[in-house]
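Heads up: the sequence shown is residues 727 to 798, going by this note's numbering.
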Amino acid sequence: MKRVEINLDAASYFRIFNPYLQAKKFDPELKYIRKRVRESEEMTYPKPIVDHELARKRCLEVYGKALKKYNT
């Protein structure tokens, strides 16, 4: 089975969502998450392995360099 996605947005590639920030903004009491992800009811979350802010910064830097290199 193949999945096809078509976006009309000019910059759809910048839609990198931070799940922690999304939960903090839209589900601070974790009601939705606990309802939809049954395993989370008794689960404690481990500490993050990746520093999201640092990873995001590095990713955007590399992406910017690639754009400059291949668009000139």
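By construction, the Cβ of each residue, glycine as well, lies at the ideal position given by its N, Cα and C atoms.
Model, not experiment: these values are computed from the prediction.
Within the stretch 736 to 774, the runs of alpha helix (DSSP H) at least 4 residues long that lie entirely inside it are, in chain order, 745 to 752, 757 to 762.
About 15 angstroms separates the CB atoms of Ile742 and Ala749; that is not less than 8 angstroms, and the two are not in contact. In this structure, DSSP gives Val788 a helical state, which the three-state scheme calls helix. Rounded to whole angstroms, the separation of the alpha carbons of Ala792 and Pro772 is 34 angstroms. Straight across, the Cα-Cα distance linking Cys785 with Tyr796 is about 17 angstroms.
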